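Residue numbers (this note's numbering): 412 to 768.
In what follows, a structure is listed as structure tokens, so that the remarks can point back to it.
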Ligand code: IPM
Ligand code: MG
């Protein structure tokens with residue numbers, strides 16, 4: 412039987428609840444499709460700070476590096492906002508991305524027909540949306556040096572550096588060109604080249620690479636316009652390529668086209684080694700531990716992990732179908748609730764998903 416080593420990182424807030432649902436479904440999918448997943452669970456984020464003082468213990472990173480794929484739920488809690496940056500949960504996540512060299516973050520946005528009326532946008536605007544945000548994940552202003560806070564001239568100043576090298580732009584742009592080639596052949600690169608030098612290099616490199624991808628229709632868009640176009644006419648987009656900070660913002664915006672950020676999975680990949688699969692949503696501390704969370708983004712992450720990380724395509728499709736079926740049958744978590752539907756908690760939704768599988 413095929414075996415895969417999976418590291419589960421439940422993390423903070425609603426993380427443990429949605430991880431439990433994903434694990435249940437993954438075990439069942441393995442049984443149905445002839446493979447076994449060997450799970451190891453490790454702390455990251457706030458729970459790791461509480462246990463060991465570090466948001467990414469060395470043992471967690473080592474376990475991830477030795478695995479076939481990593482499934483992370485969420486990190487973060489307002490409890491830690493007062494700590495210095497290197498001791499905050501978010502730093503654990505950023506160190507994990509850097510430690511696994513996951514420079515390519517793929518965030519697919521598709522509209523499930525059953526949810527078309529839960530979006531805050533009109534159905535006619537979002538119908539048929541199927542796009543992919545390709546976000547650079549280990550560079551840009553998130554990691555650029557120098558950064559810090561200083562006292563200067565009787566004032567206080569803080570600064571970060573938005574920086575990309577040619578090599579960094581080229582490798583993420585190639586991922587986006589390849590994806591566009593496999594999809595509808597359209598790529599839109601998003602930058603702020605009218606103001607930022609770093610964006611001008613970005614644009615120059617994307618243009619230079621376009622010569623190798625004559626079959627891909629390339630366009631460029633400034634980030635402010637892209638933010639507007641995403642809600643004005645999202646169907647114009649197929650693959651959106653952008654840097655770390657712009658991608659962070661635009662992917663949350665794109666997520667809301669689907670009605671709930673609770674539906675969106677993501678994959679973070681390097682050029683080798685295990686991928687990291689995590690929902691776009693956060694740890695939702697306000698509803699943690701109350702059986703209110705929507706586990707579907709996490710289940711869709713598990714599906715992405717099966718397809719991209721483990722090449723278990725049939726099992727991946729089976730998980731995605733179970734989400735579609737449960738929604739079509741009218742089951743909803745609170746974030747998606749609308750008239751005439753049946754509201755379920757996180758565990759109840761897990762049971763329905765399992766039955767649908
Ligand atoms: C995301 C999150 C993270 C990010 C935070 C939690 C550090 O917002 O994955 O989009 O900014 O990358
Ligand atoms: Mg974000």
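From the three backbone atoms N, C-alpha and C, an ideal C-beta is built for every residue, glycine too.
This one's a predicted model, so the numbers in the text were calculated from it and none came from an experiment.
Could you tell me the alpha carbon to alpha carbon distance between residue i and residue j, rounded to whole angstroms?
i	j	result
residue 561	residue 567	6 Å
residue 540	residue 650	11 Å
residue 676	residue 519	7 Å
residue 585	residue 619	11 Å
residue 456	residue 686	18 Å
residue 516	residue 502	17 Å
residue 514	residue 751	43 Å
residue 749	residue 475	39 Å
residue 524	residue 683	35 Å
residue 727	residue 623	32 Å
residue 555	residue 454	27 Å
residue 593	residue 547	19 Å
residue 522	residue 669	5 Å
residue 755	residue 542	29 Å
residue 581	residue 632	18 Å
residue 757	residue 565	52 Å
residue 701	residue 715	27 Å
residue 630	residue 742	40 Å
residue 597	residue 734	28 Å
residue 507	residue 470	12 Å
residue 638	residue 558	27 Å
residue 461	residue 731	35 Å
residue 468	residue 498	11 Å
residue 738	residue 747	10 Å
residue 427	residue 442	23 Å
residue 510	residue 713	21 Å
residue 530	residue 412	42 Å
residue 572	residue 604	16 Å
residue 486	residue 689	10 Å
residue 720	residue 479	7 Å
Can you tell me the Cβ-Cβ gap for residue i and residue j, rounded? I've got them flagged as a contact below 8 Å.
i	j	result
residue 435	residue 759	In fact, because the Cβ distance is near 12 Å, the residues do not count as touching under 8 Å.
residue 440	residue 729	6 Å
residue 495	residue 466	Not confirmed; about 11 Å, so no contact.
residue 550	residue 655	6 Å
residue 537	residue 645	6 Å
residue 704	residue 429	6 Å
residue 422	residue 481	That pair is no contact at about 12 Å.
residue 553	residue 483	Actually they are not in contact, since the Cβ atoms of residue 553 and residue 483 sit about 17 Å apart, beyond 8 Å.
residue 488	residue 694	6 Å
residue 614	residue 602	6 Å
residue 444	residue 626	Contact doesn't hold; Cβ gap of about 34 Å is too wide.
residue 642	residue 657	With 8 Å as the limit, residue 642 and residue 657 do not qualify as a contact, their Cβ atoms being about 16 Å apart.
residue 692	residue 672	5 Å
Could you check what DSSP says for residue i in three-state terms: helix, strand or coil?
i	result
residue 626	coil
residue 444	helix
residue 506	helix
residue 541	strand
residue 752	coil
residue 719	helix
residue 610	helix
residue 487	coil
residue 429	helix
residue 520	strand
residue 499	coil
residue 526	helix
residue 708	helix
residue 480	strand
residue 493	coil
residue 617	helix
Starting from residue i, trace the alpha helix (DSSP H) in both directions and tell me its first and last residue.
i	result
residue 589	577 to 593
residue 762	757 to 767
residue 473	469 to 476
residue 725	724 to 739
residue 554	Segment: none, residue 554 is in no alpha helix (DSSP H) and carries neither H nor E.
residue 664	655 to 667
residue 641	634 to 643
residue 418	No alpha helix (DSSP H) contains residue 418, which is instead part of the beta strand (DSSP E) from 413 to 422.
residue 461	457 to 463
First and last residue of the beta strand (DSSP E) that includes residue i?
i	result
residue 686	686 to 688
residue 561	559 to 563
residue 679	678 to 680
residue 600	597 to 602
residue 568	566 to 570
For residue i and chain C, any beta-carbon pair shorter than 7 Å?
i	result
residue 643	Looking at the structure shown, chain C is missing, and only one protein chain is on hand.
Next item on the list: Evaluate the contact criterion for the segment 605 to 622 versus the segment 661 to 674: three or more CB pairs, one atom per stretch, below 8 Å.
Entry: The count of Cβ pairs closer than 8 Å, one atom from the segment 605 to 622 and one from the segment 661 to 674, stays below three, leaving the stretches out of contact.
Note to self: For the segment 637 to 653 against the segment 581 to 595, do three or more pairs of beta-carbon atoms, one drawn from each stretch, fall closer than 8 Å, so that the two count as touching?
What the structure shows: A contact between stretches requires three or more CB pairs, one per stretch, nearer than 8 Å, and the segment 637 to 653 meets this requirement with the segment 581 to 595.
Checklist line | the segment 475 to 490 in contact with the segment 417 to 433 per 3-pair CB rule at 8 Å | finding: Taking a cut-off of 8 Å for Cβ pairs, the segment 475 to 490 and the segment 417 to 433 touch, as three or more such pairs fall below it.
Item checked: Inter-stretch contact at 8 Å, needing at least 3 Cβ pairs: the segment 707 to 724 / the segment 574 to 584 -> Under the 8 Å Cβ criterion, the segment 707 to 724 does not count as touching the segment 574 to 584, having fewer than three qualifying pairs.
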